[in-house]
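J.: Residue numbers (our numbering), protein chains in the order written: chain A, 47 to 305; chain B, 38 to 237.
Note that beta-carbon positions come from the ideal geometry of N, C-alpha and C, so glycine has one too.
Please read these numbers as outputs of a predicted model, since none were measured by experiment.
So that we are looking at the same thing, I have put the structure below in structure tokens.
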Amino acid sequence: MSNERFDQDLRAVLLEDAPRDVPDELRRRVAAVSTNRPIPAPTPVWQRPAVRWAVVLAAAVVVVTVGAWQLRPAPEAAVGTDPSTTPSAAPSSDASPVASASASSSPSAAPEVVACLAVDLDGRIVGWQGAAGSRIADVRVTNGGSRPCRIQGTPGLALVDATGRVLIDSTAAGPSGRPHVSATDPRFELAPGEPLTTEVQVSNYCGPTPVAPVDISFDLPGGGGRLVVGPEPGVSSSEAVPPCMGSTPSSITTNGWRR
Amino acid sequence: MDMTRGRPERIRRFERGETSATVSAGDAAPGLAARRAAFDTLTDRRLARAYRLAALILRRDGDAQDAVHDAAVLAWTRFDELRDHARFDAWFDRIVVNECRRRLRRGRVRALVLEDPGTPSMADGTSDRAERDALRRALDQLTPEHRAVVVLRHLDGHSIGEIAARTGEREGTVKSRLHYALRELRAAYDAVDRGPEGHR
């Protein structure tokens with residue numbers, strides 16, 4: 047069997063198995079990415095990996111240089127004098143600025159776990175349940191970052207269709223629907239990969255038929271950005287839209303985070 | 038008549054595609070519109086290939102769509118790190134490949150279970166179908182990393198160096214994976230019983 051024939055058949059199989067076209071739904075979702083997601087602020091120069099490494103390298107060079115300077119042989123003039131007065135005692139009083147700076151900037155307490163940003167999180171609607179006049183989404187949010195972070199408080203919520211149209215917005219209900227943190231809100235620290243769950247209840251939607259899939263957007267308190275959570279594969283959005291209840295106000299609420 | 042009048046400003050902003058970050062950033066983010074336009078154009082142009090790549094690595098359509106979408110989200114959040122937009126294709130492919138790997142690692146994607154096509158009849162399509170089915174099954178047995186290099190090489194026609202850039206691996210690793218993958222595929226292909234007239 048020739049290699050040429052094998053290559054042809056392999057390519058033919060790959061072509062046969064490859065999807066022919068990009069689904070419209072995917073096109074819509076990707077087109078909405080740059081408008082529906084938090085705007086990426088340009089990374090400050092000092093946070094860029096190359097610059098960080100350069101700073102670390104420079105600091106290492108300084109430390110080594112200072113260390114070498116301090117360990118250099120005693121000056122000729124000191125030879126033969128009283129050991130207690132030789133410069134060997136100097137390092138303790140002449141402690142290098144680098145060493146003292148690093149010591150003072152290294153607190154003994156464990157570092158504070160920072161609030162999760164939307165970009166750190168990975169969320170999914172794992173199911174929709176129908177209830178009388180309302181719908182409830184089971185949502186799982188996972189820390190997709192590489193560092194622990196914390197979640198606390200109530201996010202602002204919106205039910206959004208695939209075109210980015212807002213069907214129901216929690217802020218329409220007033221201050222209680224805005225992202226906020228209360229002193230009594232439990233605080234959850236999430237290790238990388240660790241999930242939290244919540245339920246989001248929506249009720250009374252009377253607008254035009256939304257385009258599936260229907261997502262839920264979470265505006266995190268404290269300016270943590272907006273996390274748009276879509277349905278997990280296999281989860282249909284057919285149960286996502288609550289029935290129209292007339293003049294009753296629409297609502298979208300969460301019952302809080304839990305592990 | 039402006040139907041949006043009287044509605045909360047935040048909703049109107051949301052509908053216009055402005056997040057609260059946009060509004061507060063205001064003039065502090067000059068060039069944002071240009072960045073958005075560049076990102077949208079580049080992703081739109083690359084979308085078909087990225088989706089094809091994800092679909093062939095994951096072997097499941099729905100998962101591939103989610104992987105490409107999530108890759109696009111990640112690409113947008115890191116778009117400012119890409120200095121040279123001419124390198125977008127390789128950069129985006131790499132994010133897609135990594136997203137596929139991540140999903141497979143986290144077990145979001147179940148292993149594909151192919152229906153047994155049965156023994157092909159020589160009368161209804163010669164031995165080609167048997168050979169291709171054997172290849173298809175062997176492809177499914179490969180690890181995602183091996184499948185990715187096969188797709189990038191044999192479907193997209195990339196060089197070893199280009200594949201290395203798209204997978205984040207060293208060229209030696211790419212060569213090794215390609216060698217191993219092709220050996221497995223070839224073994225499956227050659228094992229097909231082609232009957233007395235099957236050998237060409």
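Does the Cβ of Arg220 of chain B have 16 or more other Cβ atoms within 10 Å, making it buried, or fewer, making it exposed?
T.: Here residue 220 of chain B corresponds to residue number 183 of the second sequence, with the count starting at 1. So Arg220 of chain B counts as exposed.
J.: Strictly under 9 Å for the Cβ-Cβ distance: is Gln102 of chain B near chain A by that measure?
T.: In the second sequence, the residue the question calls residue 102 of chain B occupies position 65. Yes, Gln102 of chain B counts as interfacial toward chain A.
J.: For Trp99 of chain A, count neighbouring C-beta atoms within 10 Å of its own C-beta (all shown protein chains included) and say buried if the count is 16 or more, exposed if not.
T.: Within the first sequence, numbered from 1, the residue matching residue 99 of chain A stands at position 53. Exposed, by the Cβ-count rule.
J.: Closer than 8 Å by beta-carbon distance: list the chain B residues that pair up with Ala64 of chain A, in chain order.
T.: In the first sequence, the residue the question calls residue 64 of chain A occupies position 18. Result: Arg89, Ala92, Leu93 and Leu192.
J.: Between which two residues does the beta strand (DSSP E) holding Glu245 of chain A run?
T.: Within the first sequence, the letter at position 199 stands for residue 245 of chain A. Where Glu245 of chain A is concerned, the enclosing beta strand (DSSP E) stretches over Pro241 to Ser249.
J.: Is there a C-beta anywhere in chain A that falls below 9 Å from the one on Val134 of chain B?
T.: On the second sequence, position 97 is the one that residue 134 of chain B refers to. For Val134 of chain B, the answer is no, since every Cβ of chain A falls outside 9 Å of its Cβ.
J.: Could you pull the DSSP bridge partners for Pro277 of chain A from this structure?
T.: For the purposes of this step, residue 277 of chain A is taken as the residue at position 231 of the first sequence. Answer by DSSP bridge pairing, in chain order: A:Ile171.
J.: 9 Å is my cut-off, CB to CB: does Val68 of chain A come that close to chain B?
T.: Here residue 68 of chain A refers to the residue found at position 22 of the first sequence. Yes, Val68 of chain A lies at the interface with chain B (some Cβ there is under 9 Å from its Cβ).
J.: Using a beta-carbon distance below 9 Å, is His106 of chain B in contact with chain A?
T.: Here residue 106 of chain B corresponds to residue number 69 of the second sequence, with the count starting at 1. Yes, His106 of chain B lies at the interface with chain A (some Cβ there is under 9 Å from its Cβ).
J.: Would Thr188 of chain A and Leu266 of chain A be called neighbours here (beta carbons separated by less than 9 Å)?
T.: Here residue 188 of chain A refers to the residue found at position 142 when the first sequence is read from its first residue. Here residue 266 of chain A refers to the residue found at position 220 when the first sequence is read from its first residue. Cβ distance not < 9 Å, so Thr188 of chain A and Leu266 of chain A don't count as in contact.
J.: Relative to the C-alpha of Arg181 of chain A, which candidate in A:Asp63, A:Ser296, A:Leu60 and A:Ser48 has its C-alpha closest?
T.: Taking the first sequence and counting its residues from 1, one reaches residue 181 of chain A at position 135. It is A:Ser296.
J.: Using a 10 Å radius around the Cβ and a threshold of 16 neighbouring Cβ atoms, would you call Trp174 of chain A buried or exposed?
T.: Here residue 174 of chain A refers to the residue found at position 128 of the first sequence. Trp174 of chain A comes out buried.
J.: For chain B, check one thing: does any of its Cβ atoms lie closer than 9 Å to the Cβ of Glu245 of chain A?
T.: As a first step, residue 245 of chain A is located in the first sequence; it is residue number 199 there, counting from the start. Not closer than 9 Å to any Cβ of chain B, the Cβ of Glu245 of chain A fails to qualify, so no.
J.: So that I know if they touch, is there some Cβ in chain B lying closer than 9 Å to that of Thr299 of chain A?
T.: As a first step, residue 299 of chain A is located in the first sequence; it is residue number 253 there, counting from the start. Answer no: the Cβ-Cβ gap between Thr299 of chain A and chain B never drops below 9 Å.
J.: Report the three-state DSSP secondary structure of Pro65 of chain A (helix, strand or coil).
T.: To locate residue 65 of chain A, count along the first sequence from 1; it is residue 19. Three-state result, Pro65 of chain A: coil.
J.: Measuring only the C-alpha atoms, how far is Asp261 of chain A from Arg173 of chain B?
T.: For the purposes of this step, residue 261 of chain A is taken as the residue at position 215 of the first sequence. For the purposes of this step, residue 173 of chain B is taken as the residue at position 136 of the second sequence. Answer to the nearest angstrom: the Cα atoms are 35 Å apart.
J.: Please work out which residues of its chain come closer than 6 Å, Cβ to Cβ, to Val150 of chain B, disregarding the five sequence neighbours upstream and downstream, and give them in chain order.
T.: As a first step, residue 150 of chain B is located in the second sequence; it is residue number 113 there, counting from the start. Unreliable placement is indicated for Val150 of chain B, whose pLDDT of 40 sits below 50; no coordinate value is reported for it.
J.: Drop a sphere of 10 angstroms on the beta-carbon of Pro259 of chain A, count the other beta-carbons inside from all chains shown, and report buried for 16 or more, exposed for fewer.
T.: What you label residue 259 of chain A is simply residue 213 of the first sequence in a count that begins at 1. With 16 or more Cβ atoms within 10 Å of its Cβ, Pro259 of chain A is classed as buried.
J.: If you follow the beta strand (DSSP E) that Ser263 of chain A is in, where does it begin and where does it stop?
T.: Position 217 of the first sequence, counting from 1, holds the residue named residue 263 of chain A. Residues Asp261 to Asp265.
J.: In the structure shown, what three-state DSSP assignment does Val212 of chain A receive?
T.: Taking the first sequence and counting its residues from 1, one reaches residue 212 of chain A at position 166. If DSSP states are grouped into helix, strand and coil, Val212 of chain A belongs with the strands.
J.: Quick check on this structure: which residue in B:Leu119, B:Asp117 and B:Ile132 has the alpha carbon closest to the alpha carbon of Ala87 of chain B?
T.: By one-based count along the second sequence, residue 87 of chain B stands at place 50. Ala87 of chain B has its Cα closest to that of B:Ile132, out of B:Leu119, B:Asp117 and B:Ile132.
J.: Please state whether DSSP places Leu205 of chain A in a helix, a strand or coil.
T.: Here residue 205 of chain A is taken as the residue at index 159 of the first sequence, counted from 1. Looking at Leu205 of chain A - three-state DSSP - the assignment turns out to be strand.
J.: Counting C-beta neighbours from all protein chains within 10 Å, is the total for Arg214 of chain B 16 or more, i.e. buried, or is it exposed?
T.: Position 177 of the second sequence holds residue 214 of chain B. The residue in question, Arg214 of chain B, is buried, as its Cβ has 16 or more Cβ neighbours within 10 Å.
J.: Give the DSSP-derived three-state secondary structure of Glu221 of chain B in the structure shown.
T.: For this step, residue 221 of chain B is matched to residue 184 along the second sequence. Three-state result, Glu221 of chain B: helix.
J.: DSSP state of Glu285 of chain A, grouped into three classes?
T.: As a first step, residue 285 of chain A is located in the first sequence; it is residue number 239 there, counting from the start. Here Glu285 of chain A sits in coil by DSSP.
J.: If you check the beta carbons only, do Ser249 of chain A and Ile298 of chain A fall under 9 Å apart?
T.: Within the first sequence, residue 249 of chain A is the residue found at index 203, counting from 1. Within the first sequence, residue 298 of chain A is the residue found at index 252, counting from 1. The answer is yes: Cβ separation under 9 Å.
J.: Hey, out of A:Pro232, A:Asp231, A:Thr209 and A:Leu203, whose CA is closest to Ala219 of chain A's CA?
T.: Start at 1 with the first residue of the first sequence, and residue 219 of chain A comes out as number 173. The residue with the shortest Cα to Cα distance from Ala219 of chain A is A:Leu203.
J.: In the DSSP assignment, the alpha helix (DSSP H) including Arg184 of chain B goes from what residue to what residue?
T.: Here the question's residue 184 of chain B lines up with position 147 in the second sequence. It spans Pro181 to His191 - the alpha helix (DSSP H) in which Arg184 of chain B sits, taken as one unbroken run.
J.: Run the CB neighbour count on Ala108 of chain B, radius 10 Å, all protein chains shown included, and call it buried at 16 or more, exposed below.
T.: Locating residue 108 of chain B in the second sequence gives position 71, counting from the first residue. So Ala108 of chain B ends up on the buried side.
J.: Classify Ala92 of chain B as buried or exposed, calling it buried when 16 or more other Cβ atoms lie within 10 Å of its own Cβ.
T.: The count along the second sequence starts at 1 and reaches residue 92 of chain B at position 55. It counts as buried.
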